[in-house]
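Protein chains in written order, with my numbering: chain A, 1 to 213; chain B, 214 to 426; chain C, 427 to 639; chain D, 640 to 852.
To start, the structure under review is shown below, and the notes come after it.
There are 4 protein chains.
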Amino acid sequence: MHDKAAEPQIGRRRDPRTDAAILRATLELIAERGVHGFRTQDVAKRAGVGKGAIYRRHRSKDDLVMASVAALVDQEIVVPDTGSTRADIDALMHEAVELYRGALPGRLMPNLVSAMAERPELARAVREGFLVRRREALTAVLLRGVERGDLRRDVDIELVLDILGGPLFYRLLITGGPLDDQLAEGVTDLILRGFAPDKPTRARSTRTAKEHA
Amino acid sequence: MHDKAAEPQIGRRRDPRTDAAILRATLELIAERGVHGFRTQDVAKRAGVGKGAIYRRHRSKDDLVMASVAALVDQEIVVPDTGSTRADIDALMHEAVELYRGALPGRLMPNLVSAMAERPELARAVREGFLVRRREALTAVLLRGVERGDLRRDVDIELVLDILGGPLFYRLLITGGPLDDQLAEGVTDLILRGFAPDKPTRARSTRTAKEHA
Amino acid sequence: MHDKAAEPQIGRRRDPRTDAAILRATLELIAERGVHGFRTQDVAKRAGVGKGAIYRRHRSKDDLVMASVAALVDQEIVVPDTGSTRADIDALMHEAVELYRGALPGRLMPNLVSAMAERPELARAVREGFLVRRREALTAVLLRGVERGDLRRDVDIELVLDILGGPLFYRLLITGGPLDDQLAEGVTDLILRGFAPDKPTRARSTRTAKEHA
Amino acid sequence: MHDKAAEPQIGRRRDPRTDAAILRATLELIAERGVHGFRTQDVAKRAGVGKGAIYRRHRSKDDLVMASVAALVDQEIVVPDTGSTRADIDALMHEAVELYRGALPGRLMPNLVSAMAERPELARAVREGFLVRRREALTAVLLRGVERGDLRRDVDIELVLDILGGPLFYRLLITGGPLDDQLAEGVTDLILRGFAPDKPTRARSTRTAKEHA
DNA sequence: TAATAACCGAGACGGTACGTCTCGTCTTAGG
DNA sequence: CCTAAGACGAGACGTACCGTCTCGGTTATTA
């Protein structure tokens with residue numbers, strides 16, 4: 001958003017429907033013509049607003065794109081609690097796969113990456129406003145896994161998070177490989193196996209192996 | 214290159230130093246201002262050439278970007294063969310970490326990602342001209358690991374490659390986390406442990422643990 | 427004025443101080459920045475009112491300009507009657523010189539001219555509401571001069587009026603020459619000499635009449 | 640013109656046909672839609688050029704209008720020499736009347752006036768580049784008239800020039816009165832009669848002196 | 001006294017022209 | 001035919017301004 005300052009108490013208030021219409025039109029146009037293929041004038045026309053209304057809210061076209069993406073991904077994350085560490089991780093991973101397999105995030109994420117590289121404050125906003133929530137949810141699940149004896153006590157949580165998320169983004173952004181359940185399950189499986197406690201905790205590891213089979 | 218056809222035999226010949234200066238200036242400017250943030254005019258000025266010289270060689274700005282990147286990544290990859298699967302993987306991973314920690318590729322990659330998303334031919338060029346070679350080197354090492362009994366015979370090579378590379382790009386592009394040896398070794402370690410053959414449980418895992426320590 | 431209709435009998439009445447403040451601010455801003463150089467928003471700010479208050483009174487910016495000018499020039503003209511034709515003309519001419527030498531009308535007039543050229547109704551308003559009164563006063567004086575025998579009976583009053591007023595505006599608007607008493611007296615003198623009755627001077631008036639015919 | 644500086648010696652030269660096409664299109668559009676009623680984009684389209692070509696030559700729309708006018712009025716003035724002072728003055732006056740009666744100058748002059756009031760350097764340019772030539776031609780004719788004995792030796796040339804030109808502009812800009820031969824001849828006649836040498840008629844000058852006192 | 005209606009300042013709104021900027025091409029004088 | 005410099009046509013961008021509308025609140029007349 002352009003003005004994060006508190007709303008002025010006098011004068012006509014900004015119409016929230018205009019806010020929404022602008023973001024909505026932007027997302028539609030990005031999906032139709034690509035991030036650099038649409039015109040601000042088209043956004044204005046489709047949203048039924050003037051260009052001024054757009055630029056009052058977003059300081060540039062890039063900013064508009066970013067805000068639209070942010071609005072799109074601004075959703076609650078529920079920490080799953082099925083009783084099974086594997087099932088919990090799987091739930092979050094499948095959710096992520098679903099999200100990025102969608103048309104819009106798939107087209108937007110690459111541009112977001114480039115914008116983040118050039119604008120640190122945007123990078124911070126995306127990380128703190130979006131990634132952190134997913135990472136916190138995963139962290140909660142992983143810590144329960146440790147408590148439950150499914151994961152080693154000295155597991156490097158940061159590393160696990162990057163291994164869970166990395167391949168997903170790698171395929172989305174770089175290799176173009178498939179974002180599917182197989183990926184999600186392959187990674188989850190590796191984590192559970194690779195970071196399983198060393199000890200002779202047989203019963204549990206057996207169960208894990210069974211679930212995999 | 215714009216004209217791959219045979220060089221004309223008459224008239225003044227193109228100066229190869231001009232070719233190089235253009236590519237070099239382009240890479241610098243991409244790193245400084247991003248793929249969409251630099252201007253062809255700037256490339257001309259920095260390279261000390263006219264815009265004509267650029268467009269005689271590259272048919273568009275995107276083409277110029279592609280050629281520059283191609284020139285950058287056009288380097289040999291040696292497949293390491295130390296006798297130890299872990300050491301071989303580590304060698305390749307450390308090399309990659311070194312590469313992306315460097316100034317130019319590190320700043321180039323985020324911009325490249327966004328450009329790739331919009332230009333499939335650029336994406337293909339980058340994948341085939343650059344990634345594929347690293348992946349093939351890793352694949353060779355992994356297959357030797359399988360032969361050697363360090364990895365399961367049914368290991369999903371594609372998945373392993375994505376798990377090896379994913380976290381690296383994830384930190385570079387998204388989280389901003391550190392690109393260091395700890396990351397490289399953590400991932401290598403996980404792969405070797407997670408995809409270790411099941412049966413000969415004890416001896417091997419012990420050895421693996423030792424190597425890690 | 428926007429609504430010439432009778433004031434509504436219910437609701438809050440328009441504040442006459444607001445009426446005046448708007449006109450005053452408009453005139454100041456026209457003088458400062460020209461007819462096309464000021465903004466309605468500036469008028470509102472300087473008058474301490476909202477834009478709505480302006481547009482409730484004037485249907486457009488041009489209308490506002492017109493009303494402001496009308497308010498400015500809405501002044502009585504007294505027809506002088508000293509007994510001397512020369513003194514009467516001089517009185518009116520000096521008054522005019524004084525008026526246009528002043529800051530506001532002097533700066534307003536050039537802008538007004540351009541606005542008049544594009545808006546016939548403004549031109550008419552200025553002519554009828556302002557010029558006509560001066561011209562009528564002069565006409566009265568001139569007709570008395572004719573009766574008194576100071577001017578020829580067949581004098582072209584319109585032409586005399588334009589010769590009296592023209593040089594004044596010419597200097598104000600075009601040449602930038604001085605608006606001073608010397609100008610006023612020079613023109614007055616010429617009129618009295620050039621349009622003096624023929625009789626007392628035989629040779630000359632005959633020749634003039636011939637040439638004119 | 641935007642850049643009065645010397646043309647750079649290297650690079651492509653500005654196309655003089657583009658210069659002319661822009662001015663031509665501008666004049667046409669002014670005639671069709673008025674000075675403020677046309678759009679720069681329309682000029683570009685009609686001239687078959689890009690907006691850049693316009694703004695490379697003229698720093699603003701107003702500047703473009705002015706340059707167009709300047710091009711229009713940039714014509715040689717020939718000093719007439721018929722042997723008759725009256726005929727010489729008449730020739731110049733009729734020429735001026737013809738000029739300002741035309742559609743374009745008639746529509747442009749008012750705007751020029753307003754622009755001159757706001758931009759002293761424009762005012763100077765118009766005066767020195769255009770008015771001065773007419774005034775010099777008239778001055779030459781008047782001085783010959785003095786030599787010839789048709790005008791008083793002590794005639795105030797500046798005043799005469801303003802009386803000759805003033806009524807013309809007054810009607811054009813203010814009163815909207817007719818610009819016709821009658822006006823030209825009436826003014827010429829008055830000058831010749833009013834500034835005729837005193838000598839042959841002593842009584843007159845005495846009387847005039849008395850009235851003035 | 002309460003309801004009603006028009007006023008008020010502030011400022012967001014839709015619309016539209018402006019002037020800037022960049023791309024990829026073309027033109028010039030020269031190597 | 002190459003080169004550097006820079007003008008060219010095209011068209012999107014972000015700004016500025018107009019005249020309208022909305023907001024919370026005030027003022028005056030009617031009921």
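Backbone N, C-alpha and C fix where the C-beta goes; we use that ideal spot for every residue, glycine too.
- Take the alpha-carbon of D:A764 and the one of C:A493: they are about 33 angstroms apart.
- Under the three-state reduction of DSSP output, A:P120 falls in the helix class.
- Following the DSSP letters along the chain, one finds D:D795 in no alpha helix (DSSP H), marked with neither H nor E.
- Approximately 7 angstroms separates the beta-carbon atoms of C:F595 and D:L812; this is inside 8 angstroms, confirming the contact.
- Counting the other CB atoms within 10 Å of its CB gives D:D820 a total below 16, which places it among the exposed residues.
- Under the Cβ distance rule, B:L355 does not count among the residues neighbouring chain A, no pair being separated by less than 8 angstroms.
- Note that the segment 510-519 of chain C does not touch the segment 722-738 of chain D; fewer than 3 beta-carbon pairs, one per stretch, sit closer than 8 angstroms.
- Annotated three-state conformation of C:D607 is helix, per DSSP.
- Taking 8 angstroms as the cut-off, the beta carbon of A:L164 is found closer than this to the beta carbon of A:M93.
- For the C-beta of D:P806, the chain C residues within less than 7 angstroms are, from N- to C-terminus, D588, I589, G592.
- Closest in alpha carbon position to A:L27, among A:Q9, A:V78, A:G102, is A:G102.
- Residue-level contact check: D:T814 touches chain C, since one or more beta carbons of chain C fall below 8 angstroms from its beta carbon.
- Proximity to B:V291 across B:V278, B:I370, B:L364, B:R348 peaks at B:R348, based on C-alpha coordinates.
- The criterion of a C-beta distance shorter than 8 angstroms is satisfied by A:A21 and A:G48.
- D:D795 reaches chain C at G612, counting residues in chain order whose Cβ is nearer than 7 angstroms.
- For A:A44, no CB of chain B lies under 8 angstroms from its own CB, so it is not counted at the interface with that chain.
- The alpha carbon of B:E289 has as its nearest neighbour, out of B:A309, B:H271, B:D375, the alpha carbon of B:A309.
- DSSP, read as helix, strand or coil, puts D:P806 in helix.
- Under the Cβ criterion (8 angstroms, minimum of three pairs), the segment 356-376 of chain B does not count as touching the segment 140-157 of chain A.
- At a cut-off of 8 angstroms between C-beta atoms, B:R320 counts as an interface residue with respect to chain A.
- Restricting attention to D:A779, D:A823, D:Y739, D:R678, the CA atom closest to the CA of D:V708 is found in D:Y739.
- Contact of A:H36 with chain B by beta-carbon distance below 8 angstroms involves H249, E331.
- If you compare the alpha carbons of B:L405, B:P391, B:G399 with that of B:E311, the shortest gap goes to B:P391.
- Per the C-alpha coordinates, the member of D:F677, D:K684, D:D681, D:A692 positioned closest to D:D658 is D:A692.
- About 5 angstroms separates the beta carbons of A:A71 and A:L23, which is inside the 8 angstroms limit, making them a contact pair.
- If the five residues before and after B:M329 are omitted, its C-beta is found closer than 8 angstroms to the C-beta atoms of L335, A336, V339, all from its own chain and listed in chain order.
- D:A835 sits in coil when the DSSP states are folded into three classes, being neither helix nor strand.
- Under the Cβ criterion of 8 angstroms, D:L761 is not counted among the residues facing chain C.
- The C-beta separation of C:V499 from C:G555 comes to about 6 angstroms, placing the pair in contact by the 8 angstroms criterion.
- When 9 angstroms is used as the limit between beta carbons, A:R127 is near these residues of chain B: I387, T388, G389, in chain order.
- Residues V43, R46, A47 of the same chain have their beta carbon placed closer than 6 angstroms to that of A:A25, with the five preceding and five following residues left out of the count.
- The beta carbon of B:L403 sits closer than 8 angstroms to some beta carbon of chain A.
- Chain-ordered listing is empty here: chain B has no CB closer than 7 angstroms to the CB of A:L99, the nearest sitting near 14 angstroms.
- Excluding five sequence positions before and after A:K61, the CB atoms of its chain that fall closer than 7 angstroms to its own CB belong to T40, given in chain order.
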